[in-house]
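Same order as they appear, the protein sequences are chains A and B. The first sequence begins at 15 in the working numbering and counts up by one. The second sequence begins at 15 in the working numbering and counts up by one. Glycine included, every Cβ here is placed at the ideal spot set by N, Cα and C. Working notes, structure below.
2 protein chains.
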Amino acid sequence: MQTIAEIFSQGEEIVSGQTVDTNAAWLSQKLVQMGFVVKRHSAVGDNLTDLKNLLQDISLRADLCICTGGLGPTIDDLTAQAVAESFSKPLQLDTVALEQITQYFSYRKREMVDSNRKQAFFPQGALRIDNEWGTAPGFSVQHNRCWFVFVPGVPYEMKHMFDAHIAKQLTQRFSVQPGQLITLRSVGIGEADLQEKLNTTALPDSVQLSFRAAVDEVQTKLIFLADAEQELVRKTVNQLAENIGDYIFAIDGLDGHQGDLVEVISKLMQQQKYNLSIQETASQGLMAAKCIAQSWLISSVYKQSLQQQTENQPIAEYKDIALGIAQNIQQQDGTDLVLVQLYAGNAEQFQQKELSFILFSLLLTPAGVVHSQRSIVGSKARKQNQAAIYSLDLLRRFLQNKTL
Amino acid sequence: MQTIAEIFSQGEEIVSGQTVDTNAAWLSQKLVQMGFVVKRHSAVGDNLTDLKNLLQDISLRADLCICTGGLGPTIDDLTAQAVAESFSKPLQLDTVALEQITQYFSYRKREMVDSNRKQAFFPQGALRIDNEWGTAPGFSVQHNRCWFVFVPGVPYEMKHMFDAHIAKQLTQRFSVQPGQLITLRSVGIGEADLQEKLNTTALPDSVQLSFRAAVDEVQTKLIFLADAEQELVRKTVNQLAENIGDYIFAIDGLDGHQGDLVEVISKLMQQQKYNLSIQETASQGLMAAKCIAQSWLISSVYKQSLQQQTENQPIAEYKDIALGIAQNIQQQDGTDLVLVQLYAGNAEQFQQKELSFILFSLLLTPAGVVHSQRSIVGSKARKQNQAAIYSLDLLRRFLQNKTL
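Right, here's the structure in full:
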């Protein structure tokens, strides 16, 4: 028996194309992992009739619908009203929700305006879903065949609410069997190359393979059926990981959750009791920014003049230049590790997306020096981000004792 | 008279969340700019019944539907068959399309397999849309009220086909008039407060008002009908901008495009021939990172020790402390402007999302010193981002001669 789910996104900014609806894909992945069959995504704007008709249609054909958006304080946020009218469940004040909203504003020492009161009214019989990450609480309600869950459209709030409250509610309410999701997380290798490396491996029928390119990493995703044997799962994952090699910085889902590149680095820095200073060029502060609130990061410096001094030097001399800078910083800060980033390119090469440059990273450690060299191409935002990731990956490989 | 459009995306990879549907937003923007009112996006997987039902529904409620995906050569590509069955228009071989597909393969010296022949069959009465960028041609066909346009789901092919063939076809077929979109872009004020400030202004019928909270700003969006008088447009925009006040950093769509906060700052820095050094604490490199590749940013420094030295000082002394730091940096770098960021909070206050701290920003300028104070709360990523935006906004207000 399939349990049919749909995703419904509300917002003028979505139907008019100002915002790409990333919520729908995120929620679908979560639901598929839990064992639901997602059959449809719909998005409509802030039009009461359209909203009411769509809610009614969905209530007759799906078992579950996650609805995002339309819960804000402004007059164009119509979801609760549409639910009330479409399902004949009049809006009622939820005093706990009102209390939460009032507190949200008093914590922030901001004045609560009347329109925020609106966010504490839910359709009769609805269950409140707490939102510790913003002003608008969500709610869930049954109508006809379908269990509807309403959450804000702000991805940050929506994702936290799903993980903290909604996922549990759904597993209690529906008898779905989750597959086992295992994610091989890699840096420094593209989707096509990954696929090429995995082509030779025959996969068992019980596993589904997909790839996902995120901003900071590429993920190889394996979903095993709920009844797949653990020995087979482990063998398959290890085989694929071996084929991909040291590009992999973490495997999630096999022995817990290892996290993203900075989380992996952070755990290793703490275990190995290291601290770090950084000299940035191409990433211009973004490397430090990615390590936000990590106590092992002692300092980070960006100086435009450093780039101007080095960009015309032959790349063969980058190692000596970077080592000199690293030793200076180590003397000043007294840190265990110093990461220095240089790049062989001028302003035009940085700005123009079809031009590339060579990124050089050097890490000074108590055991000596390691370094790496990578070619980077793309828009300036992409070049900046790749530079931050590649330099951090040199640190990760050192901490994990991987080949450099 | 509104001309109603919908977007329909087909593909298992979309409903299961493996792919974010960026086509729908891209197409919607194009259609809205042309004067269509986009009312709904729908996505379904590769299921014949779901496809047929959805096509039938759309044919009764929209004037135009752009459909992406499902035109490939494999058995799970069912769009043409669904159209044929749902609209009772049997599939017929288009010999020109077959010739194009055959040529595509012979040019590339690749073998054409039987399943590619399938792509040359269109529903009776359909018009072929040439695809010079891939194997699958598109087609368009009328059913009930709606003109359907079918294109491949590969963004690269779809976009080229829309710009080269479809846009022209649509302007010939529909008498739509493009509206005027004006965006008031603000920082430091929430959606609800914005609405409160605008409540008193009576808006003309020819304008539609909406709000959008992005990561770095809140946008107030006005869409005027194509025939709105320019004097009225200007008067309305100016009235709303005055009510919102100095939170507004840019107005897009009235006299061209002013861009985001960093773009606005960058233009002013260049006009006023200033350069800048930054000392970051709470934003930890993110302020510099947001100013990527701007030649007026001379240096940015983050030092953990600075926070440790200042977090226990009374906030009344922050101005003197920050000024001392700024003067030191100015002596070292010789820059016109120095921006120093401090915050009154410890590591716990930074990490815990329900705890807040006071952000203090100071800007040393040739005309003296300006400074600002803001309370910041939320996850550590949000605190970091807000800190970067609020400090940069102090610079923006100085450059624009706004109240501080």
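Fill in: Under 9 Å by beta carbon: chain B residues contacting A:I28
Within chain B, the residues near A:I28 are A38, A39, S42, H55.
Discussion item. Any beta carbon of chain B sitting closer than 8 Å to that of A:K173?
Written reply: For A:K173, the closest Cβ of chain B is not nearer than 8 Å.
Worksheet entry | Beta bridge counterpart(s) of B:P137 as assigned by DSSP | B:L105, per the DSSP bridge assignment.
Worksheet entry | First and last residue of the uninterrupted beta strand (DSSP E) at B:L212 | Secondary structure note for B:L212: it is in no beta strand (DSSP E), and the uninterrupted alpha helix (DSSP H) holding it is 205-212.
Practice prompt. Could you pull out every residue in the same chain whose Cβ sits closer than 8 Å to the Cβ of A:I335, ignoring the five residues on either side in sequence?
Written response: Same-chain partners within the cutoff: T324, Q327, L356.
Worksheet item: Can you give the Cα-Cα distance for A:Q252 and B:I292, rounded to whole angstroms?
Response: Residue identity check: residue 252 of chain A is Asn in the sequence provided, not Gln. Looking at the backbone, the Cα of A:N252 and that of B:I292 are separated by about 47 Å.
Worksheet entry | Residue from A:F238, A:S154, A:W147, A:K182 whose Cα sits closest to the Cα of A:V168 | When only C-alpha atoms are compared, the closest one is A:W147.
Worksheet item: By the criterion of Cβ-Cβ separation under 8 Å, what are the contact partners of B:F225 in chain A?
Response: Chain-order list of chain A residues neighbouring B:F225: G86, T88, D90, by C-beta distance under 8 Å.
Worksheet item: What is the residue span of the alpha helix (DSSP H) that A:Q284 lies within?
Response: From DSSP, the alpha helix (DSSP H) with A:Q284 extends over 275-285.
Practice prompt. For A:F176, return the contacting residues in chain B, with the cut-off set at a CB-CB distance below 9 Å.
Written response: Those do not exist, as A:F176 stays about 13 Å from chain B at its closest Cβ, beyond 9 Å.
Discussion item. Quick check on the DSSP output: the alpha helix (DSSP H) that includes A:Y170 runs from which residue to which?
Written reply: Counting along the chain, the alpha helix (DSSP H) containing A:Y170 begins and ends at 169-175.
Worksheet entry | Neighbour-count burial assignment, B:L217, 16 or more Cβ in a 10 Å radius | Counting every other CB atom within 10 Å of its CB across the protein chains shown gives B:L217 a total below 16, marking it as exposed.
Discussion item. Quick check on the burial criterion: 16 or more other C-beta atoms within 10 angstroms. Buried or exposed for B:A206?
Written reply: Buried, since its Cβ has 16 or more Cβ neighbours within 10 Å.
Practice prompt. Determine, using beta-carbon pairs with one atom in the stretch 362-377 of chain B and one in the stretch 390-408 of chain B, whether at least three such pairs fall under 8 Å.
Written response: In short, these stretches touch, since the Cβ pair count reaches three.
Worksheet item: So, do the stretch 23-40 of chain A and the stretch 35-48 of chain B have three or more beta carbon pairs nearer to each other than 8 Å?
Response: With a cut-off of 8 Å, the stretch 35-48 of chain B and the stretch 23-40 of chain A count as touching, because enough Cβ pairs lie within range.
Practice prompt. Under 8 Å between beta-carbons, which chain B residues line up against A:S129? List them in chain order, please.
Written response: Taking the beta carbon of A:S129 as reference, the chain B residues within 8 Å of it are A206, Q209, E210, listed in sequence order.
Item to complete: Check whether the stretch 286-300 of chain A touches the stretch 300-318 of chain B, taking contact to mean three or more Cβ pairs, one atom from each stretch, closer than 8 Å.
Response: Because the criterion of three Cβ pairs below 8 Å is met, the stretch 286-300 of chain A and the stretch 300-318 of chain B touch.
Worksheet item: Of all the alpha helix (DSSP H) runs that stay within the bounds of the stretch 290-333 of chain A, which reach a length of 4 or more residues?
Response: Here the runs fully enclosed are 300-304, 318-324.
Worksheet item: Roughly how many angstroms lie between the CA atoms of A:L377 and A:S386, to the nearest whole one?
Response: If I take the Cα positions, the gap works out to 9 Å.
Practice prompt. Figure out for me which residue from A:N257, A:A242, A:R54, A:H157 has the closest Cα to the Cα of A:Q138.
Written response: The option with the nearest alpha carbon to A:Q138 is A:H157.
Discussion item. Measuring only the C-alpha atoms, how far is A:L369 from B:Q298?
Written reply: Spanning the two alpha carbons is a distance of roughly 29 Å.
Worksheet item: So, A:S73 versus A:C160, is the Cβ gap smaller than 8 Å?
Response: Against a cut-off of 8 Å, the Cβ pair of A:C160 and A:S73 comes out as a contact.
Worksheet item: Between A:F162 and the rest of its own chain, which residues show a CB-CB distance below 7 Å, the 5 nearest in sequence each way excluded?
Response: Result list for A:F162: C79, C81, S154, V155, in chain order.
Fill in: DSSP three-state assignment for A:I89, whether helix, strand or coil
Coil, per DSSP.
Worksheet entry | Proximity of B:M283 and B:S405 at Cβ, strictly below 8 Å | Taking 8 Å as the cut-off, the Cβ atoms of B:M283 and B:S405 do not count as close.
Worksheet item: Assuming B:I115 contacts B:T149 under a Cβ cut-off of 8 Å, what Cβ separation, rounded to an integer in Å, is found between them?
Response: The pair is a contact, with the Cβ atoms about 6 Å apart (cut-off 8 Å).
Item to complete: Using a Cβ cut-off of 8 Å (strictly closer), state whether A:L275 contacts chain B.
Response: Taking CB atoms only, A:L275 has no neighbour in chain B less than 8 Å away.
Worksheet item: Taking just the CA atoms, how far does B:A19 sit from A:T109?
Response: Inter-residue distance for A:T109 and B:A19 is about 41 Å (C-alpha atoms, whole angstroms).
Worksheet item: B:L300 touches chain A at which residues, Cβ-Cβ below 7 Å?
Response: Going along chain A in sequence order, the residues near B:L300 (Cβ under 7 Å) are G299, A303.
Worksheet entry | Span of the alpha helix (DSSP H), counted from its first residue to its last, around A:F412 | Segment 394-413, the alpha helix (DSSP H) holding A:F412.
Item to complete: Report the option in B:L408, B:E256, B:L268, B:L236 whose CA atom is closest to the CA atom of A:E27.
Response: Minimum Cα distance to A:E27 is reached at B:L236.
Practice prompt. Determine the closest residue to B:P192 out of B:I329, B:V51, B:Q272, with distance taken between C-alpha atoms.
Written response: Looking at B:I329, B:V51, B:Q272, the one whose alpha-carbon comes closest to that of B:P192 is B:V51.
Worksheet entry | Close Cβ partners of B:Q344 (< 8 Å) along its chain, the five nearest in sequence each way excluded | Only S291, V352, L378 meet the Cβ criterion.
Discussion item. Measuring straight from C-alpha to C-alpha, what distance separates A:Q186 and A:G382?
Written reply: Those two C-alpha atoms are separated by around 54 Å.
Fill in: Cβ-based neighbour list, A:I312, same chain, cut-off 6 Å, excluding 5 preceding and 5 following
The residues are N289, S291, D347, T349.
Worksheet item: Which chain A residues are close to B:F419, counting only those with a beta carbon under 7 Å from its beta carbon?
Response: The question about residue 419 of chain B has no answer here: the residues shown for chain B are numbered 15 through 418.
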